[in-house]
Amino acid sequence: MNFENIAKDWIENKKVSIKKSTYYNYLFIIEKYLNPEFKGKNIKKIKNYNDYIQKLSENLSAKTVRDIANVLKVILKYYEDKYDYILQINKINMPRVAKKRVKILSTEEKSKLEKYCVEKNTLKALGIIICLNTGMRIGEICSLKWKDIDLEMKKIYVDKTMQRIYNKNKKSSDVIIDRSKTECSIRDIPINKNIYGILKQLKKKYKDNDYFLSGKEDKIIEPRNYQYTFKTILKQCKIRPYKFHILRHTFATNCIEVGLDAKSLSEILGHSNVNITLGIYIHSSDRIKKKYLEKL
C-alpha cells in the first residue's frame, strides 16, 4: 500500500487511454514531485498533503502546483475506488490560479510583423502569418505537412501536435508528434484570402509529406526552436518580446471584433466547449468595449 506502488499502478492503467505526451507529463510529475515526498509511505497514513502543497507553492507557480495536486488527487481517488477505502480527498486544498489578462498584438505591432514576414518570405516567417490568420498553436504549425493543406477546399486540416516530453528511461526530453490536444482540437480551419495566395504559390515547390516549416520530409522545426525564431523576428521588428501564443490570442480577439460568433470561433480554435472561448476572449477586447460604449 505504499504510495509509489499505487502511483505506478494508476499510471500504467491510465496509459492505454491517454495521449503519449499526457502519459509522460503525469509520469514526470510523479517522479519529480510526488515520489520524492511520499515514497515508502503507507497511503492510508499520509495526512500532510496540504502541508506539501503549501511547500510547493513557495517556489512554483500556482498553475504548476495545481497540476501536481490534480495528479495527486486522481491517484488517491484511484486507490479509493480500487480498495473501497476513503482517504478524504475533499480536504485537499487546491491552489487558486489567478486569471490573467489576455495579451494581444496592437494594430501597429501586427502590421509591422506581417509586413516583415511577407518581405522575409521564408517558411518560418510565413508560418507566423498562417498562425495570425488561423489561430493554430505552435505545436500544430510545427507538425503541419503540405498534405494537410487543401487549397481546392480552402481548408487546413489540424489533427496532430508536436511537443517536447520527458523520457523516463533516458532521463531527458524528446520531441514527439502526437494526436491533437483533445478530440475537439481535430478540426478544419478555413483558409482566408490573406494566406490563400501565399500558400498557392508555395504549394508547387513541395511534396505532400514535407513539413511546412522546414520544406522537407525528414526535417522538423520543433516548438522550442520556433519560439526562439519568433522572438528573433520580434526583435528585428522592434516589437517587445512575446510568447508565440500571442498570435492565437490576437487572431481570436480580431475574430470577435469583426463579429464572428463564439460558437464558430470555438470550433476554429479547437476548444472543447464554447464556455472556454467565452471565458478567455469575449471580454478581452478594449476596442470592442469602447465601440459599444460610444453608442450610449
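The opening residue of the sequence shown carries number 574 in the working numbering; numbering runs sequentially from there.
C-beta atoms are modelled at their ideal positions from N, C-alpha and C, and glycine is treated no differently.
These figures come from a predicted structure and were not determined experimentally.
Take A698, set aside five residues on each side of it, and the residues of its chain with a beta-carbon closer than 6 Å to its own are C690, in chain order. In the three-state reduction of the DSSP assignment, R710 falls in the coil class, being assigned neither a helical nor a strand state.
DSSP, reduced to helix, strand and coil, places S630 within a helical segment of the structure shown. A residue is called buried when at least 16 other Cβ atoms come within 10 angstroms of its Cβ; A642 meets this threshold and is buried.
For V831, the three-state secondary structure derived from DSSP is coil. Going by C-alpha positions, F817 is about 17 Å away from T680. V731 sits in a strand when the DSSP states are folded into three classes. Membership of S594 in the alpha helix (DSSP H) is indicated by the continuous run K593 to I602. Taking C-beta atoms as the reference points, D751 and S590 fail to come closer than 7 Å. Excluding five sequence positions before and after T802, the CB atoms of its chain that fall closer than 6 Å to its own CB belong to K697, given in chain order.
A straight line joining the alpha-carbon of F576 with that of L607 spans about 9 Å. By the 16-neighbour rule on beta-carbons within 10 angstroms, Q736 is buried.
Bridge partners of N575 according to DSSP: N615.
Judged by beta-carbon spacing, K733 lies beyond the 7 Å limit of I764, meaning their Cβ atoms are not closer than that value. Counting every other CB atom within 10 Å of its CB across the protein chains shown gives Y599 a total of 16 or more, marking it as buried.
The region 579-588 makes contact with the region 640-660, as at least three CB pairs between them are under 8 Å. Secondary-structure assignment with DSSP links K650 through no beta bridge to anything.
Taking C-beta atoms as the reference points, I819 and Y854 fail to come closer than 7 Å. Counting along the chain, R797 sits inside the alpha helix (DSSP H) bounded by residues P796 to Q809. In terms of CA proximity to P609, L629 leads the group V748, A835, L629 and I762.
Taking Y622 as the centre and dropping the five residues before and after it, the same chain places the C-beta of I665 closer than 6 Å to its C-beta, in chain order. Shortest Cα-Cα distance from I749 to any of K792, T707, S845 and K776 involves K792. S684 has its alpha-carbon roughly 21 Å from the corresponding atom of G832. Ranked by Cα distance from A825, the first of V847, D781, E631 and K864 is V847. Across the structure, I849 and A635 are spaced so that their CA atoms are roughly 20 Å apart.
As a beta-bridge residue in DSSP terms, I762 pairs with I729.
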